[in-house]
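Protein chains in written order, with my numbering: chain E, 1 to 244; chain U, 1001 to 1364; chain F, 2001 to 2339. Have a look at the structure below, then the notes.
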Amino acid sequence: MPTWAGGLRMNDPILFLENVHTHIGQHHILQGVSLGVTPGGATILLGRNGAGKSTTLKTIMGLHPPSSGRICFLGKDIHTTKTHKIARLGMGFVPEDKAVLFNLTVEENFRLSMIEENEKIHKNLEEVLLLFPALKTFWKRKAGLLSGGQRQMLAIARVFVCDHALLLIDEPSKGLAPIVVNQLGEALVRIKDKTKVILVEQNFNLACQVGADCFILDDGRVVFHGLIRDLAKDRAMMKNYLGI
Amino acid sequence: MISNQGRTRTNPFILNPMVCLYAGIIVLLALIPFIFPSFRVMDLMAKIMIFTLVVASFDLLLGYTGILSFAHGMFFGIGAYSVALILYHIPKPSWYHILLAVIISLGVSIGMSLLVSFFSLRVKAIFFAMLTLALAEFAHILGVQWTSLTGGEDGVSFVLPGIFNFNHSFGTLFHTQVNGRLVVYFLILISTAFLFAALLRFTQSPLGRVLKAIRENEQRTIALGYQTFKYQIYSIVFSSALASMGGILYAMWLCYVNPDSVFHTAIMVNILLMVLIGGMGTLYGSVIGAAFFIITENWLPGLLKSMAAMVPENVIIQTMADRWQLYFGIAFVLVVLFFPKGVLGTIRSRIRQKKILLNTLFKY
Amino acid sequence: MTSQAIDLKTNRFKTNRVKTGINWLMGIGLFMLPLIWIDPITYLTLTVAGLSLGMLIFLIASGLTLIFGLMDVLNLAHAAFFTFGAYTGYSVLNLIASFGWIETASLGGSAFFLMVALGTAGCVGAILGIITERLVIQRVYGDHLMQLLVTVGVSFVMVEILKIIWGVNDEVVPVPLAFQDSFIIYGVFVEYFRVVAILLGVCVFAGLQFVLKKTKIGIIVRAGVENREIVETTGYNINRIFTLVFAAGAALAAVGGTMMAVFNQAVNPGMGDQFLIFALIVVIIGGMGSVTGSFIGAIIVGLSFNYIAYLVPKMALGVNFMIMAIILLIRPKGLFGKE
C-alpha cells in the first residue's frame, strides 16, 4: 500500500495518484504529485494560484494526460484512458468555469448528464430538485439566463444526479456572493455524505465546512497532507502555502 | 517604439546584400531570352514572374493582414479581361489603349475591392471568405454568360498594338529574334520587378508594421489606437490592384483570355498552393512557390504521359495520368496539413528557434 | 430580485414577438409583389417551381449550416459531396434504366426508384463524409483558415477523382417518365417532381428539427458545439459524434445532388461549384448554424430566382446577390444567425 506526504497510510483508496507529472505545452505543471483519496466525505485540494490544483483534477479526468506516473481509480489504471471512458467508470467533473451549457435549458442540461435514463436516475433527480428548488422553477429556461449562483448549483446538481463514485469539483465558489457561497456550502455538505468529493477551493472557510481531509499543492507537488483542522492551527504553513 | 528600430545606417543602400541579390536576379532574368532562345523557357519565366506578383500580393492579404479572400483570382481576371476587351473591341488600337486598359482595370479593381472591403468589416472572417468565394464564382458565371461582351466560353483573342505586336521585328541581337514578344517580356520583367519592390516597401513601411500587428492581435492593435479597418482597406485595395496588374500582363503575354483560364476557382486554388509552398507571410516565398508550381505544371503532365506510355493498354493508368491536377490537389492538402508554413516559413522559424536557443544559452 | 429580472426579460421577449410578426408580414408582402407584373397562373407556376428549387438548395445548405453551426467547421468540400451524390444517383438511375424500368414505372414505382437512388447517394455521401472527417478535418479543428484551405483542396481532389471515374463530360440523367408528367390545379401546371422535391425538403426540415430539439443525440450535438469538454467529461465520445454530424451533412448534400441531377436531367463535374454559391448565399442569408435560417433562406432564394428569371432573365443570379448584400447590411449575422 503506497504512502503519501505526511506519512498517513490509506486503506482501500477510491483514487490514488502516484508520482504524476503533467506537461502542458512546454510547461511542467505537475512535478510528481502523489495523493490518495479514501471513500466517504470530502477531500480538499488547497494551494495558491498556479500551484496545479485545477491541472490535477484535469489530469485525473484525462483532459491533460499525464506524461508519467500512475493514476488508479476503483482499482483500474486510468492514466491512459480517454476522458469519456473515465467518466463512464463513475467520475463526475465540475470545471472551474463554463460548467453548464448556456444554450440548453435546465432540463436539457440534466438530460445530457443522464446517460441512461432509468428509474433510479429519476429518483435521484427528484431528490436533487428538492435539494436545489430553484432549478425546478427554471426547468424550461435556458441555463444562460440563470444567475451565477444558480448556474453553479446546476453545474453541481447535474453531475450529482448520476450516482458517480467520485465527484471532482473545481472552485465552485469563485465569483459568487457570500450568501450564495453559504448556500453552496450547505449543498456540498449534503452531497458529500452520499458521494465522495474532491474539492479544489481557495475559500478556506468553505473548505473547512465541507471537508476534513486535505492536501496542499505548491509548485506542482504535494507539500502537506492531513486534517484540515490541524492545518488551521498551523499559522506558518497557512501563510506559506495558502497566503492566508 | 524606441530608437530607429534597429536600423543601422552604416551601409549605403546599394551595397545592401538583399538589393544586390534582387538586382542580380533581375539581370539574370533579362538575359534569359538570350541564353535560352527557346520560346518555352521564356514562357515559363514570364509566367513565373507574373504569378510571383499575383501570389505576393495575395500573401500581403493573407500572410500579412490575415484576411482570406477567394476573390483574388477575380481581380486577376478583371485585369486580364480589361486589356482583352479593349484591344478586341476597338478597331485600331495603339499603345495608349493599353494604358487605358490599365486605368480601367485599376478603377474597376479599386472600386470592387472597396466594396468588398466594406463588407469584410461588417462580417466575420469566415463569412467574408464565403462571400468572396461566391463573388468569384459569380464573376466566372458572368464571364461565361455575358457573351456579347466577353465572348462567352470561347473567350477573346486579340493582338497587341505597336511595338508590342508579336510580329513586329527589330532584327536580331545575339542570335535572338528581337520582336514584340521580347518587348512584352521585358515589360513584364520591369513591371513585376517594380511592383514587387513596391510591395516589399509597403510591408516594411510603418503601414506594413501596423498590418503585422493586426494579424498578430487585432484587439490589441485597436486598443493601441489604430483604426484597423483603414489599414485593412489599404491592404485589400493595394493587393487587388496588384493582382489586376498581374492579370493585365498575363493577358498581354497570352493574347487570349477565356473565363476558365482566368476566373476559374482552380486559379485561386493554384495561388493558394503557391502561397502555402512558399510560405505565408514571407513575400519572397511567393517566388519559390510560383517557380515550383509553374515548372511542375509544365513538366508534370509530360512526365506522367511518358510514364503512362509505358503501359498503353491500361485505361485506368491512362486516365490517372491525364488528370494531373489531381496530384496537385493532393499535394495541396498535404502541404496544408503538414507544412503549413511552406518552404521559406519553415526555414525562417528554424532560424528563429536557433536564435532563441543561442540567446538563452548566452544568457547564462 | 431574480423574478423581477426574469419579468423584464419576458417583456422584452413580447415586444420581440411583435417585431417578428411585422417582419414576417413584410416578407410575405414582398413576395406578392411580382403579382403586379405577372398574371396569377404564371405566378403560381413560378411559385411552385421556386419552392421546389428552394427545397433542393435547402438540402445542400442545411448540410453546410449544420456542419458549421454544430461543429464550427467551414466545409467547402460540400460541393464535392453534392457532385458525388449527383453522379451516384445518375449511375443508379442508369442501372435502373438498363432494366427498362424507367419508362414503365408508375408514379409509386418511380417514387420507389427515386428513393433507392437517394438512399444510395446518401450512403455514398455519408461514407465520403466519414473518410474526409477522419483523415482531414480532425486535424484542423479550431483553425478556420486551415479548414477553408484544406476543404478547398479536398474538394478539388474529389472532383478530379470523380472525373477519373465518370469522365469530364456532361451526362444526361434518365428521369422516371412518371415524374415528367404534371397535373393541373386551378389551371396551373404542376410537375409531379416539383411536388416530390417540396415534400422531401419539408420532411428533411421537420426531421432535422425534431432530431436536434427533441432527441438525446440532438441535445448531445448542440451541447458539444457549445462546449466539447463538458460533453466529454459527461461520458460521450465527442469525436465519434462529430464524425456522425459531418457524415450527416455530407449525406444531405449528396441527396441534394441526386435530386438536382433529376431536376436538371443532367450532371456535369462543375455542378457542385455552381450550386455551392446558392448554398453559400442561403447560409449567409439565413444565418450560419441555423437550420430554420437555411430553410427560410432557401425559399427566399428559390422564389426570387424564379420570379426574376421570368421577368428579367439576366438579373436572376444578381438579384440573389443583392438580397444577400442587403441582409448583410441590416443584419450581418443573417436572419436567424446565432454567431
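Note that CB positions come from ideal geometry on N, CA and C, so glycine has one too. All values derive from a computational prediction rather than experimental measurement.
What's the call for residue i, buried or exposed, on a 16-neighbour Cβ count within 10 Å?
| i | result |
| --- | --- |
| residue 1020(U) | exposed |
| residue 1091(U) | exposed |
| residue 122(E) | exposed |
| residue 1017(U) | exposed |
| residue 2051(F) | buried |
| residue 2273(F) | buried |
| residue 2330(F) | exposed |
| residue 2285(F) | buried |
| residue 2199(F) | exposed |
| residue 1255(U) | buried |
| residue 1057(U) | buried |
| residue 1042(U) | buried |
| residue 27(E) | exposed |
Determine the DSSP secondary structure at residue i, reduced to helix, strand or coil.
| i | result |
| --- | --- |
| residue 115(E) | coil |
| residue 2181(F) | coil |
| residue 1065(U) | coil |
| residue 221(E) | strand |
| residue 1140(U) | helix |
| residue 2266(F) | strand |
| residue 1020(U) | helix |
| residue 1072(U) | helix |
| residue 1362(U) | helix |
| residue 162(E) | coil |
| residue 1160(U) | coil |
| residue 1226(U) | coil |
| residue 34(E) | strand |
| residue 2189(F) | strand |
| residue 2142(F) | coil |
| residue 1310(U) | coil |
| residue 1256(U) | strand |
| residue 85(E) | helix |
| residue 1123(U) | coil |
Taking Cβ-Cβ distances shorter than 7 angstroms, what residues in chain U pair up with residue i?
| i | result |
| --- | --- |
| residue 2317(F) | 1138 and 1141 |
| residue 2321(F) | 1138 |
| residue 2332(F) | 1122 and 1123 |
In terms of DSSP beta bridges, what is residue i paired with?
| i | result |
| --- | --- |
| residue 214(E) | 44(E) and 226(E) |
| residue 1218(U) | Per DSSP, none; premise fails for residue 1218(U). |
| residue 2042(F) | None; residue 2042(F) has no bridge partner. |
| residue 27(E) | 24(E) |
| residue 72(E) | 16(E) and 77(E) |
| residue 1343(U) | None; residue 1343(U) has no bridge partner. |
Which chain F residues are close to residue i, counting only those with a beta carbon under 8 angstroms from its beta carbon?
| i | result |
| --- | --- |
| residue 177(E) | Near residue 177(E) there are no residues of chain F at all, since even the closest Cβ is about 11 angstroms away, more than 8 angstroms. |
| residue 1340(U) | 2146 |
| residue 95(E) | 2229, 2230 and 2233 |
| residue 98(E) | 2227, 2229 and 2230 |
What in chain F is Cβ-close to residue i, meaning under 7 angstroms?
| i | result |
| --- | --- |
| residue 103(E) | 2222 and 2226 |
| residue 1130(U) | 2280 and 2284 |
| residue 1183(U) | Going along chain F, no residue has its Cβ under 7 angstroms from residue 1183(U), so there is no contact; the nearest lies around 37 angstroms. |
| residue 1336(U) | 2146, 2149, 2150 and 2153 |
| residue 1330(U) | 2157 |
Give the interface partners of residue i over in chain E, defined as CB-CB distance under 7 angstroms, in chain order.
| i | result |
| --- | --- |
| residue 2235(F) | 84, 87, 88 and 115 |
| residue 2232(F) | 83 and 84 |
Chain U partners of residue i, CB-CB under 9 angstroms?
| i | result |
| --- | --- |
| residue 2074(F) | 1126, 1129 and 1130 |
| residue 2328(F) | 1119, 1122, 1123, 1127 and 1131 |
Would you mind telling me which residues of chain F sit closer than 9 angstroms to residue i, beta carbon to beta carbon, in chain order?
| i | result |
| --- | --- |
| residue 1232(U) | Per Cβ cutoff of 9 angstroms: no residues; residue 1232(U) is ~16 angstroms from chain F at best. |
| residue 1282(U) | Per Cβ cutoff of 9 angstroms: no residues; residue 1282(U) is ~16 angstroms from chain F at best. |
Starting from residue i, find everything on chain E with Cβ-Cβ shorter than 8 angstroms and list it in chain order.
| i | result |
| --- | --- |
| residue 2219(F) | 104, 108, 111 and 112 |
Item to complete: With 8 angstroms as the C-beta to C-beta threshold (strictly closer), list the residues of the segment 2276-2303 of chain F near chain U in chain order.
Response: 2276, 2277, 2280, 2281, 2283, 2284 and 2288
Discussion item. Give me the subset of the segment 2131-2163 of chain F whose CB atoms are less than 7 angstroms from a CB atom of chain U, sorted by chain position.
Written reply: Going along the segment 2131-2163 of chain F in chain order, one finds 2136, 2139, 2144, 2145, 2146, 2148, 2149, 2150, 2152, 2153, 2154, 2156, 2157, 2160, 2161 and 2163 with a Cβ nearer than 7 angstroms to chain U.
Practice prompt. Quick one: which residues of the segment 2198-2214 of chain F get their C-beta closer than 7 angstroms to a C-beta of chain E? List them in chain order.
Written response: If the cut-off is 7 angstroms between Cβ atoms, the segment 2198-2214 of chain F has nothing near chain E.
Item to complete: Please list the residues of the segment 2241-2273 of chain F that have a C-beta atom closer than 7 angstroms to any C-beta atom in chain U, keeping them in chain order.
Response: Residues passing the 7 angstroms Cβ filter: 2273.
Worksheet item: Closer than 7 angstroms, Cβ to any Cβ of chain F: which residues of the segment 43-65 of chain E, in chain order?
Response: 61 and 63
Worksheet item: Using a Cβ cut-off of 7 angstroms, which residues of the segment 1218-1229 of chain U contact any Cβ in chain F, in chain order?
Response: none
Item to complete: Give the residues from the segment 1252-1265 of chain U that approach chain F closer than 8 angstroms (Cβ to any Cβ), ordered along the chain.
Response: 1265
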